[in-house]
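**Q** Per UniProt numbering: the sequence shown = residues 1 to 301. For every residue, glycine included, the Cβ atom is placed at its ideal position computed from N, Cα and C. Computed from a predicted structure; not experimentally measured.
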Amino acid sequence: MKFGVYQVSRRGGREKNEDRMGYCYTRDAGLFVLADGMGGHPEGEVAAQMALVTVASMFQREAQPVLKNPTQFLDDAVQIAHQQLLRYSQEKGLPDTPRTTIVACVMQRGVAYWAHCGDSRLYMLRNGELMARTRDHSYSELQEALGRHAAQGSERFNRNVLFTCLGSPGKPMVDICGPIPLEAGDRILLCSDGLWSTVADTSIAQYLSARIISDAVPELVEQALRNGGARCDNVTALAVEWEGDEQEALDSISTEGLDEDSFASTIQARGEAGAELSEAEIENSVREIQEAIRRAGKKQA
1 MKFGVYQVSR RGGREKNEDR MGYCYTRDAG LFVLADGMGG HPEGEVAAQM
51 ALVTVASMFQ REAQPVLKNP TQFLDDAVQI AHQQLLRYSQ EKGLPDTPRT
101 TIVACVMQRG VAYWAHCGDS RLYMLRNGEL MARTRDHSYS ELQEALGRHA
151 AQGSERFNRN VLFTCLGSPG KPMVDICGPI PLEAGDRILL CSDGLWSTVA
201 DTSIAQYLSA RIISDAVPEL VEQALRNGGA RCDNVTALAV EWEGDEQEAL
251 DSISTEGLDE DSFASTIQAR GEAGAELSEA EIENSVREIQ EAIRRAGKKQ
301 A
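Given below as structure tokens:
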């Protein structure tokens, strides 16, 4: 498996950067994740970091060296990350739960799967064309999906209103896509709303298709910062170029030399809030999710 990857995050005009991103991989599978801690709630940066560490910990546990069921993995991992935030809030006695959006992509055996909750996005491009984009869990995207038009002047206000995220009181909504067959040269971009809110989709596609990702990503981020002005949100982007088994570029990653049980990651635990999950914690969380599904099934019957 061969891929190129480039990631960058900038604080913008905010007091701190609550975005987090990273990737990890085995010999035959890769995971790419981005989370945007939500303002207006405590410890957004903790929420984003916990989400990344939780998903990466589960990937390390389940990818041996591939995931048996990538769609199930993505759903379980995001739901467990949500549970970890609720537990953290309870243990710390916080008045409110830290919250975050998340978008995650798995690549293995020449196909991609992705999941998202909130308004952090994934874009997929092939031969310069935008093949897919996630749909935000926001008021404005919902209105658009229903064929309704927001009232004049309400778009700016409603764009940031999400109806689901990790850490919210209710069970988060998770949209999952895949399997999507990959072709050499396909590019996938994960980004926070600080990027797409100030740079149009057409411009994102043009930047990513016209330049190598190590040039395109920082230029996109700088463009977002310029467009956003002095009060620009955090801007974070992670781009992947799939190379499959083709001859890789000089700065790409090849996993062919890894053993079956090898694992590499840029996602590092940061202090108590970002501590990696133990095997027992993962097993317990999976059992809780399975039990909740079983109870829901009985109610429907």
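Between the beta-carbon of residue 32 and the beta-carbon of residue 238, is there less than 7 Å?
**A** Taking 7 Å as the Cβ cut-off, residue 32 and residue 238 qualify as a contacting pair.
**Q** Might you give, ordered along the chain, the residues of its own chain that have their beta carbon closer than 7 Å to the beta carbon of residue 8, omitting 5 neighbours on each side?
**A** Closer than 7 Å at the Cβ level, and outside the excluded window around residue 8, lie 217, 218, 221, 237.
**Q** Could one say the Cβ of residue 213 lies closer than 7 Å to chain D's Cβ atoms, at least one of them?
**A** No chain D appears in this structure, which consists of one protein chain only.
**Q** Just verifying my parser: in three-state terms, what is the DSSP assignment at residue 154?
**A** With a pLDDT of 47 at residue 154, under the threshold of 50, the predicted position of this residue should be treated as unreliable, though the coordinate-derived value follows. Residue 154 falls in the coil class under three-state DSSP.
**Q** Nearest to residue 175 by CA position, among 14, 104, 27, 66, is which residue?
**A** Closest by alpha carbon: 104.
**Q** Hey, out of 67, 110, 80, whose CA is closest to residue 243's CA?
**A** For residue 243, the nearest C-alpha among the options comes from 110.
**Q** In whole angstroms, what is the alpha-carbon distance linking residue 274 and residue 65?
**A** Bear in mind that a pLDDT of 47 at residue 274, under 50, signals an unreliable position, so the number given afterwards is only what the model happens to contain. Cα to Cα, the separation comes out at about 24 Å.
**Q** What span of residues does the beta strand (DSSP E) with residue 133 cover, start to end?
**A** Here the beta strand (DSSP E) through residue 133 covers 129-133.
**Q** Going along the chain, which residues of its own chain have a beta-carbon closer than 6 Å to the beta-carbon of residue 181, five neighbours each way excluded?
**A** If we look at residue 181 and ignore the five residues flanking it on each side, its Cβ neighbours are 111.
**Q** Suppose the cutoff is 8 Å on Cβ atoms and the five residues either side in sequence are ignored; what does the same chain contact list for residue 41 look like?
**A** Closer than 8 Å at Cβ, skipping near neighbours: 47, 96, 97, 98, 99, 167.
**Q** Is residue 110 helix, strand or coil when you go by DSSP?
**A** Looking at residue 110 - three-state DSSP - the assignment turns out to be coil, as it is neither helix nor strand.
**Q** Buried or exposed for residue 26, please, with buried defined as at least 16 other CB atoms from any protein chain shown within 10 angstroms of its CB.
**A** By the 10 Å Cβ count, residue 26 comes out buried.
**Q** Using the rule of at least 16 other Cβ atoms within 10 Å of the residue's Cβ for burial, across every protein chain shown, is residue 215 buried or exposed?
**A** Counting Cβ neighbours within 10 Å, residue 215 comes out exposed, since fewer than 16 surround it.
**Q** Out of 241, 253, 256, 209, which one is the CA nearest neighbour of residue 127?
**A** Among 241, 253, 256, 209, the Cα nearest to that of residue 127 belongs to 209.
**Q** In terms of residues, what are the limits of the alpha helix (DSSP H) holding residue 212?
**A** Element bounds for residue 212: n/a, residue is neither H nor E.
**Q** Between which two residues does the alpha helix (DSSP H) carrying residue 70 extend?
**A** Note, residue 70: alpha helix (DSSP H), 70-92.
**Q** From the DSSP output, read off the bridge partner residues of residue 242.
**A** BP columns for residue 242 point to 3.
**Q** CB-CB under 7 Å to residue 116, same chain, minus the five flanking residues each way: which ones, in chain order?
**A** Around residue 116: 102, 103, 122, 134, 175.
**Q** Quick check: the Cα distance between residue 225 and residue 141, rounded to an integer number of angstroms?
**A** Their backbone Cα atoms lie some 23 Å apart in a straight line.
**Q** Considering just the uninterrupted stretch of the alpha helix (DSSP H) at residue 61, what are its terminal residues?
**A** 44-62 is the span of the alpha helix (DSSP H), which, as asked, contains residue 61.
**Q** Closer than 6 Å: is that where the CB of residue 122 sits relative to any heavy atom of the ligand NAD?
**A** The ligand NAD is not among the ligands present in this structure, which contains no ligands whatsoever.
**Q** Terminal residues of the continuous beta strand (DSSP E) containing residue 193?
**A** From DSSP, residue 193 is part of no beta strand (DSSP E) but of the alpha helix (DSSP H) over 193-196.
**Q** State the start and end residues of the unbroken beta strand (DSSP E) segment that holds residue 231.
**A** Note, residue 231: premise wrong, no beta strand (DSSP E); not H, not E.
**Q** Ignore the nearest five residues each way along the sequence and tell me which others in residue 24's own chain have a CB closer than 8 Å to its CB.
**A** The answer, listed in chain order, is 30, 31, 56, 59, 60, 263, 264, 265, 266, 267.
**Q** Mark residue 240 as exposed unless 16 or more other C-beta atoms lie within 10 angstroms of its C-beta, in which case mark it buried.
**A** Label assigned to residue 240: buried.
**Q** Quick one: what's got a C-beta closer than 6 Å to residue 136's C-beta in the same chain, skipping five residues either side?
**A** Around residue 136: 119.
**Q** Just to confirm my understanding: we take residue 67, look at its own chain, exclude 5 residues before and 5 after, and list those with CB closer than 7 Å. What are they?
**A** Same-chain partners within the cutoff: 29, 73, 106, 108.
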